[in-house]
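Structure, as structure tokens:
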Amino acid sequence: MMATKKDTFPVLHMSCASCALNVERTLKAKEGVKFAVVNFASGKVSIEYNPEVVRADDFKAAVQAAGYDLLLDDGPDGSEKLEEINKDAFKKLKRKAILAVTFSVPVVFTGMLIMGSPGLTYGNVLMWALSTPVLFLFGRNFYVNAWRQAKQGSANMDTLVALSTGVAYLFSVFNILFAGFWTEKGMEAHVYFEAAAVIVAFILVGKTLEEKAKGNTSSAIKKLMGLRPKTVTIVHGAHQMETAIEKVRRDDVILVKPGEKVAVDGTVTGGSSYVDESMLTGEPVPVLKKAGDKVFAGTINQKGSFQFRAEKVGSETMLAQIVRMVQDAQGSKAPVQRLVDKVAGIFVPVVIIIAFITFMAWNLFGGANGFTQGLLAMVTVLVIACPCAMGLATPTAIMVGIGKGAEQGILIRDAESLELSRKINAVVLDKTGTVTEGKPVLTDLSWFNGDDSKKEILIALESQSEHPLAGAVVSYFTGTDPKTVTGFESITGKGIKAVAGNTVYYAGNRSLLTENKVRMDAQLVMRAEEWEMQAKTVIWFGDQEQLLAVMAIADRIKSTPAEAVQMLQRMGIEVYMLTGDQEVTARTVAGAAGIRHYQAGLLPDQKADFIKKLQSEGKTVAMAGDGINDSAALAQADVSIAMGKGSEIAMDASKMTITSSDLNKIPMAIQLSRQTVTAIRQNLFWAFIYNIIGIPIAAGALYPVSGFMLNPMLAGAAMALSSVSVVTNSLLLKWKK
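Heads up, the sequence shown is in my numbering, so the first residue is 36 and it goes up one at a time.
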């Protein structure tokens, strides 16, 4: 059986949360579809399906039958065609809004000021003439979409708008053509063209503002996509050729000039320069790149120039993977959204029922003006009760929160992880590669009497050694050429020896030198013992007679753990460190980082058991690690965090990835989660309160007490502003620290 496939497609022509649910239901009903999730704010659907049973073309046909559309082929980088469609749609929407307002203003003035003036008998006809294009030309989509929904047996925001404005318009036309029907009963034949026209105008203006604001919520994706250059310079021997980025292939040698962006992932083959990687890692300081170093698509070259060999192109690059991860995360649903979806799914039919009950109640109990008052109240209920604000409340905040995280080098896998992160009250850190650098470096060196004349011999010994710590010594003396030695010999468990001139030299542990009766210097021995107390590995170097030097090698603690631990503790979060290393090393590292709780000598499964123990105590646990041995613990944690320079297995097992090695990003991610969830709650509160208060007022609940009836035009304005306010509140996340 073929594995399922997961794709994301833009959905066109959605106007509210009910539309998103209609598309979702339509796709879920297709045979072979495992799940489908529509994000109204991003306008995209994520589908997991069996490609042997159903194809993308089948999705498009089903969605089109439901009155919407899918964009299956949206350009070489997954954005150009959609961007073009969105820009064109926004321009048309903006033009319609401007024209609707232009035509509606004289309708309002005619209704308010002119109708009472003598000699202006044709005022009603003038309003009829001006309001007709507003409804059926500029607002045409409301009626077309409502009809499509009706044919499918469903309803959405367009249904409410079409019903409310259509009823007001048809009632007004009836009153112009058959005014005698009312005058014979001693009543006036009122028209409500201004209400119908202004409602459409307000909603078009509101949707224009909403679309503009929604566009801003995806600015992180646009920034990331904008990091990729359009063209590159490929080097063929002595010749250079500029070509489109789509034509770059693996093993092509690419020249990057000062100020240019790196096009794809690869390894530097010649030249050197400092490269700004801040948009991928969040680190502000440019990184020196020389032969053998990795470079990544989207990073920006500074002053120098270099050549590199392409290794990952197109969708394989780190930038493409980050964009895909952010897009998937922004399109995912937070758990709180499930309740909103249930409400939105029944909202429109319930509103239509409430509007009908309102109309009947006014007819029964409204007295002489019951019919017209009931008609107006019904129109007002239909207009004010829009599910847009509810549909936008959660996804807009999620999009902004995940996008802001991506800009800071914090990649969040899905909305559920973002929402859950606010509950974290225990953070578990792996030592190697997370708290420490993850690679040994020479931290201390002391020569006998300060004489380093034998350093070329030391380098010669270490450069031939197979011991994993030898590289730290060689790296320390980069730029110094080794001396020629002979008779090299590796002594298992102790060290190495070789001959230079007529003298034998040793490098290794203390016992190697003592066994060969090398004379020790008391001062050097004392320093070596101090370093050993600090959990550092000491290398002893001497000739056949005298100890020449001692040096300490350690896995250096990163610059950020102590600060990050303090921030987490101030947030009320307990920090733990786990390691397979020995007790003395764990104690030293934990003390330097300010970590109060640590466990040493743990195997991978024991790390996972430790997290289970914390969870059994009621804690919500985040685990940060970077190695293959951390994958079990990462999978067990409530929120797993992979450090970006670690293994791909650790990243695959994680719900969050820090693209740099900066531990300060962990408290930042938790704070971002708390801010995002707060914004979601605020959005949902105001969206629900708006409808809970607005619908009864629109129905006339205040009329028996104060004689107040809400004008349908004001209801249209309130509906439009509710959606805009929700999106604006989400956008405020961008400027919070």
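Cβ coordinates follow ideal geometry from the N, Cα and C atoms, glycine included.
#1: Please determine, among Ala584, Leu669, Glu451 and Ala420, the residue with the shortest C-alpha to C-alpha distance to Leu484.
#2: Roughly how many whole angstroms lie between the Cα atoms of Val520 and Leu496?
#3: Does Glu277 have its Cβ less than 8 Å from a Cβ in chain B?
#4: Within the same chain, show all residues whose beta-carbon is closer than 8 Å to that of Tyr611, passing over the 5 residues directly before and after it, in chain order.
#5: Under a three-way DSSP split, which group does Leu170 fall into?
#6: Among Thr39, Gly742 and Ile730, which residue has its Cα nearest to the Cα of Ile388?
#7: Are Ser308 and Gln337 closer than 8 Å when you measure CB to CB?
#8: Would you check if the distance between the CB atom of Gly301 and the CB atom of Arg183 is smaller than 8 Å?
#9: Check whether the Cβ atoms of Ser166 and Ala232 lie closer than 8 Å to each other.
#10: Using three-state DSSP, classify Gly110 as helix, strand or coil.
#11: Going by DSSP, what residue range makes up the alpha helix (DSSP H) through Ile646?
#12: Helix, strand or coil for Glu580, going by three-state DSSP, please let me know.
#13: I need the straight-line Cα distance from Pro111 to Thr278, nearest angstrom please.
#14: So Gly158 and Thr145 are supposed to be a Cβ contact under 8 Å. How far apart are they, rounded?
#15: Leu417 and Leu198: beta carbons closer than 8 Å?
#16: Can you tell me the Cα-Cα spacing of Met434 and Ile574, whole angstroms?
#17: Closer than 8 Å is the cut-off here; do at least three beta carbon pairs connect the region 712-729 with the region 396-411?
#18: To which residues does DSSP link Pro45 through a beta bridge?
#19: Assuming Ile280 and Pro293 are in contact, meaning their beta carbons sit under 8 Å apart, how far apart are those beta carbons, in whole angstroms?
#20: State whether the region 553-561 contacts the region 497-514, with contact taken as three or more CB pairs (one from each stretch) at a distance under 8 Å.
#21: Specify the secondary structure class of Gly305 as computed by DSSP and reduced to three states.
#22: Helix, strand or coil: which one does DSSP assign to Asp193?
#23: Return the Cβ separation of Ala668 and Gly660 in integer angstroms, given the expectation that the two are a contact with Cβ distance under 8 Å.
#24: Does DSSP put Pro293 in a helix, in a strand, or in coil?
#25: Starting from the C-beta of Ser50, find all residues in its chain whose C-beta is less than 7 Å away, skip the five residues before and the five after it, and write them out in chain order.
#26: Is DSSP giving Leu446 helix, strand or coil here?
#27: Along the chain, where does the alpha helix (DSSP H) that runs through Arg716 open and close?
#28: Between the alpha carbons of Gly681 and Ala563, how many angstroms are there, rounded?
#29: Ends of the beta strand (DSSP E) at Gln634?
#30: To the nearest angstrom, how far is it from the Cα of Gln342 to the Cα of Met353?
#31: Straight-line CA distance for Val140 to Glu229?
#32: Going along the chain, which residues of its own chain have a beta-carbon closer than 8 Å to the beta-carbon of Gln710, five neighbours each way excluded?
#33: Once you ignore the five residues that flank Lys40 on each side, which residues in its own chain have a CB closer than 8 Å to its CB?
#34: Please state the DSSP three-state secondary structure of Asn746.
#35: Looking only at C-alpha atoms, which of Val761, Pro747 and Asn764 sits nearest to Phe237?
#36: Report all residues from its chain with a CB closer than 8 Å to the CB of Val88; omit the five preceding and five following residues, and keep chain order.
From the atom records:
#1: Mapped onto the sequence shown, residue 484 falls at position 449. According to the sequence shown, residue 484 is Asn rather than Leu. Cα-wise, what sits closest to Asn484 is Ala584.
#2: As a working note, residue 520 is residue 485 in the sequence shown. As a working note, residue 496 is residue 461 in the sequence shown. Computed Cα separation, rounded: 8 Å.
#3: In summary, chain B is missing from the structure at hand, where a single protein chain is found.
#4: Your numbering for residue 611 matches position 576 in the sequence shown. Same-chain partners within the cutoff: Ala461, Val462, Val463, Leu464, Ile630, His632, Tyr633, Gln634, Phe645 and Leu649.
#5: Locating residue 170 in the sequence shown gives position 135, counting from the first residue. Three-state result, Leu170: helix.
#6: Stepping through the sequence shown from its first residue, residue 388 is reached at position 353. Selected option, being the one with the closest Cα: Ile730.
#7: The count along the sequence shown starts at 1 and reaches residue 308 at position 273. The count along the sequence shown starts at 1 and reaches residue 337 at position 302. For Ser308 and Gln337, yes; Cβs fall inside 8 Å.
#8: Taking the first residue of the sequence shown as position 1, residue 301 is located at position 266. Taking the first residue of the sequence shown as position 1, residue 183 is located at position 148. No, these two residues do not count as a Cβ contact at 8 Å.
#9: Position 131 of the sequence shown holds residue 166. Position 197 of the sequence shown holds residue 232. Yes, the Cβ-Cβ distance between Ser166 and Ala232 is below 8 Å.
#10: The residue given as residue 110 occupies position 75 in the sequence shown. Annotation note: pLDDT 45 at Gly110 (below 50); position unreliable, coordinate value reported separately. It is coil, neither helix nor strand.
#11: Against the sequence shown, residue 646 aligns to sequence position 611. It spans Pro639 to Ser651 - the alpha helix (DSSP H) in which Ile646 sits, taken as one unbroken run.
#12: Counting from 1 along the sequence shown, the entry for residue 580 is found at position 545. If DSSP states are grouped into helix, strand and coil, Glu580 belongs with coil.
#13: Counting from 1 along the sequence shown, the entry for residue 111 is found at position 76. Counting from 1 along the sequence shown, the entry for residue 278 is found at position 243. The pLDDT assigned to Pro111 is 42, lower than 50, so where the model puts this residue is not dependable; a value taken from the coordinates is nonetheless given after this. Distance between the alpha carbons of Pro111 and Thr278 is about 15 Å.
#14: Working through the sequence shown from its first residue, we reach residue 158 at position 123. Working through the sequence shown from its first residue, we reach residue 145 at position 110. Confirmed, about 5 Å.
#15: For this step, residue 417 is matched to residue 382 along the sequence shown. For this step, residue 198 is matched to residue 163 along the sequence shown. Yes. Within cutoff.
#16: As a first step, residue 434 must be located in the sequence shown, where it is residue number 399. As a first step, residue 574 must be located in the sequence shown, where it is residue number 539. Approximately 53 Å between the Cα atoms of the pair.
#17: Cβ pair count under 8 Å is below three, so no.
#18: Here residue 45 is taken as the residue at index 10 of the sequence shown, counted from 1. Per the DSSP secondary-structure output, Pro45 pairs in a beta bridge with Lys79.
#19: For this step, residue 280 is matched to residue 245 along the sequence shown. For this step, residue 293 is matched to residue 258 along the sequence shown. Incorrect: roughly 19 Å between the Cβ atoms, too far for contact.
#20: Counting C-beta pairs with one atom in each stretch, the region 553-561 and the region 497-514 have fewer than three that are closer than 8 Å, which means they do not touch.
#21: Numbered from its first residue, the sequence shown carries residue 305 at position 270. Strand, per DSSP.
#22: For the purposes of this step, residue 193 is taken as the residue at position 158 of the sequence shown. Secondary structure at Asp193: helix, using DSSP grouped into helix, strand and coil.
#23: Taking the sequence shown and counting its residues from 1, one reaches residue 668 at position 633. Taking the sequence shown and counting its residues from 1, one reaches residue 660 at position 625. Rounded, the Cβ-Cβ distance is 6 Å, consistent with contact.
#24: As a first step, residue 293 must be located in the sequence shown, where it is residue number 258. Of the three classes helix, strand and coil, the one that applies to Pro293 here is coil, per DSSP.
#25: Here residue 50 is taken as the residue at index 15 of the sequence shown, counted from 1. Counting only Cβ-Cβ distances below 7 Å, and skipping sequence neighbours, we find Asn180, Asn191, Met192 and Asp193.
#26: Sequence index remark: in the sequence shown, residue 446 carries index 411 (1-based). Strand.
#27: Counting from 1 along the sequence shown, the entry for residue 716 is found at position 681. Its alpha helix (DSSP H) spans residues Lys700 to Ala734.
#28: Sequence index remark: in the sequence shown, residue 681 carries index 646 (1-based). Sequence index remark: in the sequence shown, residue 563 carries index 528 (1-based). Interpretation of Gly681 is limited by its pLDDT of 47, a score under 50 that renders its predicted location unreliable; the figure taken from the coordinates is listed afterwards. So the alpha carbons of these two residues sit roughly 32 Å apart.
#29: Taking the first residue of the sequence shown as position 1, residue 634 is located at position 599. Residues His632 to Gln634.
#30: Here residue 342 corresponds to residue number 307 of the sequence shown, with the count starting at 1. Here residue 353 corresponds to residue number 318 of the sequence shown, with the count starting at 1. Approximately 19 Å between the Cα atoms of the pair.
#31: Sequence index remark: in the sequence shown, residue 140 carries index 105 (1-based). Sequence index remark: in the sequence shown, residue 229 carries index 194 (1-based). Within the model, the alpha-carbon separation for Val140 versus Glu229 is close to 9 Å.
#32: As a first step, residue 710 must be located in the sequence shown, where it is residue number 675. Counting only residues of its own chain and dropping the five nearest sequence neighbours on each side, Gln710 has a CB closer than 8 Å to the CB of Gly436, Leu768 and Lys771.
#33: In the sequence shown, residue 40 corresponds to position 5, counting from 1. Cβ neighbours of Lys40 beyond the five flanking positions: Glu83, Tyr84, Asn85 and Pro86.
#34: Within the sequence shown, the letter at position 711 stands for residue 746. In the structure shown, Asn746 sits in coil (DSSP, three-state: anything other than H, G, I, E or B).
#35: The count along the sequence shown starts at 1 and reaches residue 237 at position 202. Distance check between Phe237 and each of Val761, Pro747 and Asn764 places Pro747 closest, using alpha-carbon atoms only.
#36: Here residue 88 is taken as the residue at index 53 of the sequence shown, counted from 1. Only Glu66 and Gly67 meet the Cβ criterion.
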